[in-house]
Amino acid sequence: MQFYTPRNIEFGRGSIEKLQRYVDGRAIIITGKNTWESVKDFANMDYPVHIFTRTSFTGEPTERDIENLAKVLINEEPQTIIAIGGGSVIDATKLAWIFYEHPEITWNEIYSYKIPPLRRKSKLIAAETTSGTGTGISAAAVVIDQNRIKRGIVSEQLIVDASAYDPNLVLSMSRNTAIYSGMDALTHAIEAYISKINNIPADTLALKAIELIYRNLPESADGDERTRELVHYGNMLAAMGFTNARLGLCHAAAHPIGGRFDIEHGKINAILLPYVVRVNEKCTSRIKDIARVMGVDDVAQALLTMNEEFDIPVTIDFVPEDHLESIASEIEKSALMRVNPCSMSREDILEFLRMAHRGEL
Ligand SMILES: [Fe+2]
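Numbering (the working numbering), first residue to last: 25 to 385.
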């Protein structure tokens, strides 16, 4: 087996400044406008800054946003790209980097995961400013295609060369961003731990991530600095977990439902997660380990209670019932279903959606 992770990870307060030791040659910072305002003093970097703007209403960049960013890279010819931001900034930079290195590549080739070797023109380093997507660690990037469908691209080429997990960068997250990104990270950790891929380092890190995030997210959401730091490290560990042990039913369902009804990725994962745990309980004994680190008897119920405390909906009753069948078909086609603990037929998936729709845990 293998375990993939960035070659260099800096973490702790002030670690973003240490990213400069990985800069070679001409560098450029890609970041978001508000993000840069709140982190530039921590970053303390004297490189040209490009403010990335996203045109989509949801949290992910569009193909056009990425093509525009690629033009900037092609003009500026950096030898080190530094992406500082949440998931959309880092994901957009990862994908624009592909076009910078290989201007002739097409979206179809990217969507079929045919990513040629990168790093001939530039390396990529990153610092996450939310505690959820794990894209500073992972091999994944998400884009909205021309049909407004979210597409996940996965390639080990997209694992950054160096990454910083600096708790100073997440201090300014709003309560809702802290909650939704934290619930995304918790979903990554749980799905990685229970997936059919048993990868000892990934599982070990994912289980620790579950403990860190579940126990610290409520206080972190209230703005407590120490617990916010621990959740940020939980996000880092969860991403090491899912990069190597993958995800399952929750993400397979969150993509079509979140895309159709414009719901933030972390929020729709949070809504679905208690039902995903309940459905998978009969196929894996690992939920017992999760109960132990969370300090609860019933993991699914504890996650539902957590959602109630965060004012997150506890059902998908906002989905019109006549959408459930077509959503089930999309979920069935997802490659993530291959590693979900329970092998599920289309009928099983539909029953899961009905359960989440009725709110019957
Ligand atoms: Fe996610």
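No residue lacks a Cβ here, since even glycine has one placed at the ideal position from N, Cα and C.
Note that the coordinates shown come from a computational prediction; the quantities given were computed from them, not determined experimentally.
(request) Return the bridge partner residues of Glu34 from the DSSP annotation. (result) Bridge partners of Glu34: Ala188.
(request) Might you give, ordered along the chain, the residues of its own chain that have their beta carbon closer than 8 Å to the beta carbon of Lys306, omitting 5 neighbours on each side? (result) Same-chain partners within the cutoff: Cys366.
(request) State yes or no: is the C-beta of Ser155 within less than 8 Å of the C-beta of Ser205? (result) Contact flag set, yes.
(message) For Leu148, list the residues DSSP reports as bridge partners.
(response) In DSSP, Leu148 forms a bridge with Ile105.
(request) Answer yes or no: do Leu273 and Tyr238 have a C-beta to C-beta separation smaller than 8 Å? (result) Contact: no.
(request) Would you give the residue range spanned by the alpha helix (DSSP H) that His256 belongs to? (result) First-last of the alpha helix (DSSP H) with His256: 249-269.
(request) Please name the residue or residues paired with Val178 in a DSSP beta bridge. (result) Per DSSP, Ala164.
(request) Return yes when at least one heavy atom of ligand 1 lies under 7 Å from the C-beta of His256, else no. (result) Answer for His256: no, Cβ out of range of ligand 1.
(request) Identify the continuous beta strand (DSSP E) that holds His74 and give its terminal residues. (result) It spans 73-75 - the beta strand (DSSP E) in which His74 sits, taken as one unbroken run.
(request) Measure the alpha-carbon distance for Gly265 versus Thr228 and round it to whole angstroms. (result) Looking at the two C-alpha atoms, the distance is approximately 8 Å.
(request) Go through the stretch 181-248 residue by residue and report every complete run of the beta strand (DSSP E) that reaches 3 residues or more, in order. (result) With a minimum length of 3 residues, the continuous beta strand (DSSP E) runs that stay inside the stretch 181-248 are 186-189.
(message) Looking only at its chain, what residues have a beta carbon closer than 7 Å to the beta carbon of His126, apart from the 5 residues adjacent to it on each side?
(response) The residues are Pro140.
(message) Considering just the uninterrupted stretch of the beta strand (DSSP E) at Ile54, what are its terminal residues?
(response) Ile54 -> beta strand (DSSP E) spans 51-55.
(request) Return the first residue and the last residue of the alpha helix (DSSP H) that Pro280 is part of. (result) If you look at Pro280, you'll find it in the alpha helix (DSSP H) that goes 273-285.
(message) With distance defined between alpha-carbon atoms, name the residue in Ser146, Glu253, Ala277 nearest to Leu374.
(response) Nearest to Leu374 by alpha-carbon distance, out of Ser146, Glu253, Ala277, is Ala277.
(request) Please classify Thr117: does DSSP put it in a helix, a strand, or coil? (result) DSSP places Thr117 within a helical segment (H, G or I) once states are collapsed to three.
(message) Using only CA atoms, which one of Ala352, Ile53, Met318, Asp169 lies nearest to Ala150?
(response) Comparing Cα-Cα distances from Ala150 to each of Ala352, Ile53, Met318, Asp169, the minimum goes to Ile53.
(request) Counting only the same chain and skipping the five closest in sequence on each side, list residues whose C-beta sits under 7 Å from that of Thr153. (result) The beta carbon of Thr153 lies closer than 7 Å to those of Thr59, Val63, Ile108, Gly109, Gly110, Leu193, Val194 in the same chain, with the five residues before and after it left out.
(message) With a threshold of 8 Å on Cβ separation, who are the neighbours of Tyr217 within its own chain once the five nearest residues in sequence on each side are excluded?
(response) Excluding positions up to five away in sequence, the list reads Asp227, Ala230, Leu231, Ile234, Gly265, Ala269, Arg310, Asp313, Ile314.
(request) Compute the minimum distance between the beta carbon of Asp115 and the heavy atoms of ligand 1, and state whether it is under 7 Å. (result) Annotation for Asp115 indicates a beta carbon at 7 Å or more from all heavy atoms of ligand 1.
(message) Would Ile122 and Leu142 be called neighbours here (beta carbons separated by less than 8 Å)?
(response) Yes.
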